[in-house]
Amino acid sequence: MTASMTQAMTRTGIRQALSAAIARIGDRVPFLLAAVALAASLALPYWHMTLLAPQYPSGLRVWIFLTKLAGDVQEVNGLNHYIGMMKLEEAATFERAIAPYGVAALAGLALLAALLRRRWTVWLSILVVIFPLVFVADLQYWLWYFGHHLDPHAALSSAIKPFTPPALGTGRVGQFVVETRFDSGFYLAVLAALSTIAGIVARLRGPVQRG
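To convert a position in the sequence shown, counted from 1, into the numbering used here, add 817.
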């Protein structure tokens, strides 16, 4: 075997080793990004609502986090009282209680998929993908519930028909214009979902340890 052939084989071996190392690292990065994004989303609002009316020219704003509500919550509760709507903090009490543990579990699954090249970790990480959809479905349910379970004895109950505030966009409740949008925490959860999809595709295209 000539020296040139030996050198060529060595270079080929090095390139193959580098490619394999990059592949092993590369399909871990999306899962790591998903874990970080989910953890960070806990500190940020997932949804934002603004009420606009002539008597509130600057609007009343409420931010919905996974674990709490912030903003003009008491002012909005005071207005809701007149039409017989529940207090905002009465919604999703169970969801808020388990949110830190649920998000930690999802981040843990993403981290596990990053560290272990096992097929079962890849399939479990699909839970990260569906998490934003679960949030939207739960939000829509509570918006419907609030608008369809009004106290018939409230002062202005006769002036308001059952309604469902929009999860995204603009609507009207009595004299109020309601503007809603998803916020930074939700978009981090979406980033985690998309990153996980990328990780799943990369992992399934490459060598995965069974078990």
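The C-beta atom is built at its ideal place from N, Cα and C for all residues, glycine as well.
Check each candidate in A860, A908, L849 and T938 and name the one with the smallest Cα separation from G1002. A860
Residue span of the beta strand (DSSP E) that contains L877, given as start and end: Y873 to I881
Can you name the start and end residues of the beta strand (DSSP E) that E892 belongs to? Premise fails: E892 lies in the alpha helix (DSSP H), V890 to I900, not in any beta strand (DSSP E).
Please list, in chain order, all residues of the same chain as A1006 whose beta carbon is under 8 Å from its beta carbon, the five residues on each side excluded. A854, L855, S858, Y863, F948, P949 and F952
Where L1021 falls, given that 16 or more other Cβ within 10 Å makes a residue buried: exposed
Limits of the unbroken alpha helix (DSSP H) element including T910: T910 to L932
Is it the case that the region 897-914 contacts the region 924-932, given that we only count it when at least three CB pairs across the two stretches are under 8 Å? no
Please report the distance separating the alpha-carbon of A838 from that of D844. Note that A838 scores 46 on pLDDT, short of 50, meaning its location in the model is unreliable and no value can be drawn from it.
Roughly how many whole angstroms lie between the Cα atoms of V994 and Q891? 18 Å
Are the beta-carbon atoms of A870 and W880 separated by less than 7 Å? no
Residue closest to S1012, alpha-carbon to alpha-carbon, out of A924, P874, Y962 and L973: A924
Which residues does DSSP list as the beta-bridge partners of W864? I881 and F999
The beta strand (DSSP E) with G986 in it runs from where to where? G986 to V990
Does DSSP put L944 in a helix, a strand or coil? helix
Taking its Cβ as the centre, do 16 or more other Cβ atoms sit within 10 Å of D955, making it buried, or is it exposed? With fewer than 16 other Cβ atoms within 10 Å, it is exposed.
Just how far apart, CA to CA, sit S942 and L926? 6 Å
Check for me: the alpha helix (DSSP H) holding A851 runs from which residue to which? V846 to S858
According to the neighbour-count rule (16 or more other Cβ atoms, all chains shown, within 10 Å of its Cβ), is G895 buried or exposed? exposed
For A922, tell me which candidate among E906, W937 and L944 has the shortest Cα-Cα distance. Among E906, W937 and L944, the Cα nearest to that of A922 belongs to L944.
Indicate the three-state DSSP secondary structure (helix, strand or coil) for L973 in the structure shown. coil
Going along the chain, which residues of its own chain have a beta-carbon closer than 6 Å to the beta-carbon of H865, five neighbours each way excluded? W880, R998 and D1000
Per-residue DSSP class, three states only, for F993: strand
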